[in-house]
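> If you're matching them up, the sequences are chains A, B and C in order. Mapping of the first sequence onto the working numbering: residues 21 to 578, in sequence order. Mapping of the second sequence onto the working numbering: residues -8 to 92, in sequence order. Mapping of the third sequence onto the working numbering: residues 12 to 158, in sequence order. For each residue, glycine too, the CB sits at the ideal point set by N, CA and C. First the structure, then my questions, so here it is.
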Amino acid sequence: MYRYDEFDEAVVRDRVTQFRAQVKRRLEGSLTEEEFTPLRLMNGLYLQLHAYMLRIAVPYGTLSGRQMRQLAMIADKYDRGYGHFTTRQNLQLNWPKLADVPDLLSDLADVEMHCIQTSGNCIRNVTADHFAGVAADEVEDPRPTAELIRQWSTLHPEFSFLPRKFKIAVTGAARDRAAVAVHDIGLRLVRNDGGEIGYKVLVGGGLGRTPMIGKVIREFLPRDELLAFLEAIMRVYNLSGRRDNKYKARIKILVHEIGTDAFIAWVEEEYAKLDGPSVNADPAELARIAAYFAPPAYETLPAVSESFEAAKARDPDFARFAATNLFPHKVPGYTAITVSVKPIGAPPGDATSDQMRVLADLAERYSADELRITHVQNVVLPHVRLDDVPAVWAALVEAGLETPNAGLITDIIACPGMDYCKLATARSIPIAQEIAKRFADVERQALIGELGIKISGCINACGHHHVGAIGILGLDKAGVENYQITLGGDPGEQAALGQRLGPGIDADAVPEAIERIVDTYLEIRADPGEAFIDTVRRVGLDPFKPALQPTEARLEAA
Amino acid sequence: MSANALLDGAVVYYAAGGRWSPHLADALVAVTEAEAAGLETARLAAEAAGAVVEPEIAAVATDDAGRLVPSHVREKIRALGPTVRRDLGPQAAGEHLHVSL
Amino acid sequence: MKLLDRHGWTASDVVPVPIEALGDGDAVLLPNDYKAADLLPLQSRLKLIAIAFPKFSDGRGFSIAKALRAQGYEGVLRATGALIPDQFAFALHVGFDQIEISDEQAERQPVEQWLGALTAIHDSYQNGEDGTASILTRRRYAAEAAA
């Protein structure tokens, strides 16, 4: 993974000093709150229902054991001993004090971490496939690209006061695990007929009030032209994105309102005027960055590990974990473990500082000192020998991180919702907890198979409900929390937005409704191999609509 | 009217005399239209002064024992703390426990 | 109104006029939704272009300035309006020479804050119109020197 050189180090150190001075100027009054707000947001510091919230950047979700251990220390020292992994691969702390934040940022800088641009109307954390570098279907590891974009977008003088936030995601694999189609800019690494690597560029995807799938604006952008092309897109957005209405200010609205063809023409016109060499990174720089992402020194191992197979035969719980939480690694004898941060009945994505320390130890000992945060709010140990999986699992069991539910119905994405967030119209975490408890039985989960439930506590869709196979949106109906269910969303390469199943229902009715939806699926699926999302694609929503009707009405209709 | 304290972000309520208190019981309640207008004026002033952050006005009622209870579930959560972590927020210190969702 | 450049307070008796009233003038004030390319026919005779910043959070002026420099404008570029000290370095980077602020703001944010803010972040990841070499450029120089 990337290591700072003296320039990167100086930037984050200067940033800490800068923020310390900005806090001082705010406290003494030379900065008004209105002036201070974008400055603190650009250091990831929000105001929430109960306290400030600090969002720490985990660039493209990758971190080392030492960094994870430092996050645990910071959670203990400045917060309440836990953190929340987010749908953009970052970590959130819910109780920091303003006066402590400069010291906190300094502790982060000690391990090459920061909170730069994790909020505000600027370019945010660049996210990537959490199986980058280990997936067999990968054209190229997307993280050198993500790191290059991170540097180019950091404290960009022209693009720090955009109409609204800006999110970029990169994937290098055929299966899109980075949801690039629902980002402001989505990049897919592709190979052209000549075998050269370049980017397929999508613009104008996004969730929230007006969810949209991104449009392809360049089928193949040569690798070396990336930064200049991104500048052209950003310049068009900065100049022409709407600033009259906060809810119409994302680039997706601009693309939609002027039309994709017109938007492409604007970008290409801007791009033609741009001085490429003054913006683009030269190939040597990309190679310098890419060298940091060279694979670890894998051992030559047989594809089948006898000790791993024996452990599965011995222990059915271990066998179950192995069946659900392991990702096929491109190197024989290795696997990538998804550590579920979704224990049944617990807030999705929350880890204690002790659990973070366990993960740090496991990464250092068993995973080439590397961890990934996924946008599904889980953690990945990407380079584990199959031989070592039993030992890792035993440690996970002790730490309460062994839940065998990766990708299953209880692997729920939930935003913090109205338990924490000022913007929320309903709670989301209790809904996730109740659904998970209903479906806790591991056999039943295995029977149901892959099913992504995503819950948002308001229309801003931080829980990504629009792209959930089952999406749940919490709203306020006359002062009472009310939940709308959507079906058929998909964040991947077959990106689709969920459709509303029917009118909203009460919190109490949600677990029951999910049960009936799942029962319907089990009844009508073509075969056990047909995943829920595929059944919905095949049959549409109508067979599922009765699931929302109250029991009496359904019995009457029968 | 509630707001977040500048330094630690904790929830505070606007009390008589223009001070801010962590106790809901101290909150100044506007009943008449004139009082409501006064509270709105105070909100704008608080915003401009910057000693607290994001002042907001919300509805309250009184329970049978005469205690102030926020009317909306969002404000109830704000008075108590996260419903999914009863060990955090004012509820953990025994505050506002008469507020129930 | 007070005027700032990278050395501190400065003064100017050049008063830019709105584009629609420019006539033969050589100092113009542009709104921040103006298309830089439209200025090309007059650019070579202009000595001062001022760009309005109605709100500091509205960053369009940064792109307009950059575009003007990219299309060859070599005169003075002035950002006029509500910028804050923390944007000063950005403004110089995209090609502004001056910032014009209200007297009230100048009182609240003395020149030391403005000049201090300029050097708060010493290195930049982007090449500047003011000649600042980006970190990427400096890495290349260092690699070439070492080679």
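1) Looking at the strands, I want to know which residues DSSP matches up with A/Q519.
2) Should B/G8 be labelled buried (16 or more other beta-carbon atoms within 10 Å of its own) or exposed?
3) In chain order, what residues of the segment -5 to 24 of chain B put their CB closer than 7 angstroms to some CB of chain A?
4) Got a sec: is the Cβ-Cβ distance from A/D439 to anything in chain B below 8 angstroms?
5) What is the residue span of the beta strand (DSSP E) that A/H276 lies within?
6) Name the chain B residues that come within less than 7 angstroms of A/R447, Cβ to Cβ?
7) Of all the residues that make up the segment 55 to 73 of chain C, which are near chain A by a beta-carbon distance shorter than 8 angstroms?
8) Give the residues of chain C in contact with A/V378, contact being defined as C-beta atoms less than 7 angstroms apart.
9) For A/P352, which option in A/G81, A/N114, A/L51, A/A155 has the closest C-alpha, if you only look at C-alpha atoms?
10) Based on the DSSP secondary-structure assignment, which residues constitute the bridge partners of C/I112?
11) From this set, A/D96, A/R60, A/L67, A/I433, which residue's C-alpha is nearest A/K362's C-alpha?
12) For A/M438, which residues in the same chain have their Cβ closer than 6 angstroms to its Cβ, ignoring the five residues on either side in sequence?
13) Return yes when the Cβ of A/V202 is within less than 8 angstroms of the Cβ of A/I233, no when it is not.
14) Can you tell which of B/A49, B/W11, B/D(-1), B/A83 has the C-alpha that lies nearest to the C-alpha of A/G499?
15) For A/Y267, which residues does DSSP report across the bridge?
16) Counting only runs that start and end within the segment 66 to 126 of chain A, where is the alpha helix (DSSP H) found for 4 or more residues in a row?
17) Is B/E45 close to chain A? Criterion is C-beta to C-beta, closer than 8 angstroms.
18) Which runs of the alpha helix (DSSP H), 4 residues or longer, sit entirely within the segment 13 to 81 of chain B?
19) In this structure, how does DSSP classify A/Y318 when only helix, strand and coil are distinguished?
20) Would you say A/T52 reaches chain B, if we count a Cβ-Cβ gap shorter than 8 angstroms as a contact?
21) Judging by CA-CA distance, which residue of A/V78, A/E54, A/D554 is the nearest neighbour of B/V43?
22) Taking 8 angstroms as the cut-off, decide whether the C-beta atoms of A/V378 and A/A415 are in contact.
23) At least one CB of chain B closer than 8 angstroms to the CB of A/R263: is that the case?
24) Should A/Q137 be labelled buried (16 or more other beta-carbon atoms within 10 Å of its own) or exposed?
25) Does any residue of chain B have a CB that is nearer than 8 angstroms to the CB of A/H70?
26) For A/D213, which option in A/P242, A/L222, A/R197 has the closest C-alpha, if you only look at C-alpha atoms?
27) I want to verify the contact list: residues of chain B whose CB lies under 8 angstroms from the CB of A/R117, in sequence order.
28) Take the Cβ of C/Q120 as the centre, count every other Cβ of all protein chains shown within 10 Å, and call the residue buried at 16 or more, exposed below.
29) Would C/A76 pass as a contact of C/D97 if the rule is Cβ separation under 8 angstroms?
30) State the Cα-Cα distance for the pair A/Y440 and A/G64, rounded to the nearest angstrom.
31) On the CB-based measure, 16 or more other CB atoms within 10 Å of its CB, does C/E85 come out buried or exposed?
32) Just to make sure I have the definition right: I need the residues of chain F whose C-beta is within less than 7 angstroms of the C-beta of B/V90. Which are they?
On the basis of the supplied data:
1) DSSP, once it has assigned bridges, lists A/L507 as partnering A/Q519.
2) Burial is judged here by how many other beta carbons sit within 10 angstroms of a residue's own beta carbon; B/G8 has fewer than 16 and is exposed.
3) The segment -5 to 24 of chain B vs chain A, Cβ under 7 angstroms: N(-5), L(-3), L(-2), D(-1), G0, A1, V2.
4) A/D439 counts as touching chain B.
5) Premise fails: A/H276 lies in the alpha helix (DSSP H), 271 to 278, not in any beta strand (DSSP E).
6) Within chain B, T74 have C-beta atoms less than 7 angstroms from the C-beta of A/R447, given in sequence order.
7) So the list reads F67, S68, D69, G70, R71, F73, given in the order they occur along the chain.
8) Ordered by position in chain C, no residue passes the 7 angstroms Cβ test against A/V378, which lies about 35 angstroms from the chain.
9) Nearest option by C-alpha distance: A/A155.
10) C/K13, per the DSSP bridge assignment.
11) Minimum Cα-Cα distance from A/K362 among the listed residues A/D96, A/R60, A/L67, A/I433 corresponds to A/I433.
12) Taken in chain order, the residues that qualify are A444, A446, R447, G477.
13) Contact annotation: A/I233 and A/V202 have beta-carbon atoms nearer than 8 angstroms.
14) When only C-alpha atoms are compared, the closest one is B/A49.
15) In the DSSP assignment, no residue is bridged to A/Y267.
16) You should have 85 to 98.
17) So yes, B/E45 belongs to the interface.
18) Listed in chain order, the complete alpha helix (DSSP H) runs (minimum 4 residues) inside the segment 13 to 81 of chain B are 24 to 40, 64 to 71.
19) The DSSP-derived three-state label of A/Y318 is coil.
20) For A/T52, the nearest beta carbon of chain B is closer than 8 angstroms to its own beta carbon.
21) Closest option to B/V43, Cα to Cα, is A/E54.
22) Their beta carbons are under 8 angstroms apart, which means A/V378 touches A/A415 by this criterion.
23) Output row for A/R263: interface = no.
24) By the neighbour-count criterion, in which a residue is buried when 16 or more other Cβ atoms sit within 10 angstroms of its Cβ, A/Q137 is buried.
25) By this cut-off, A/H70 is an interface position.
26) Out of A/P242, A/L222, A/R197, A/P242 has the C-alpha closest to the C-alpha of A/D213.
27) Sequence check: residue 117 of chain A is Lys here, not Arg. In chain order: L(-2), D(-1), G0.
28) Result: buried.
29) Not a contact, by the Cβ cut-off of 8 angstroms.
30) Each residue's Cα considered, the two are about 16 angstroms apart.
31) Under this definition C/E85 is an exposed residue.
32) You won't find chain F in this structure, because its protein chains are A, B and C.
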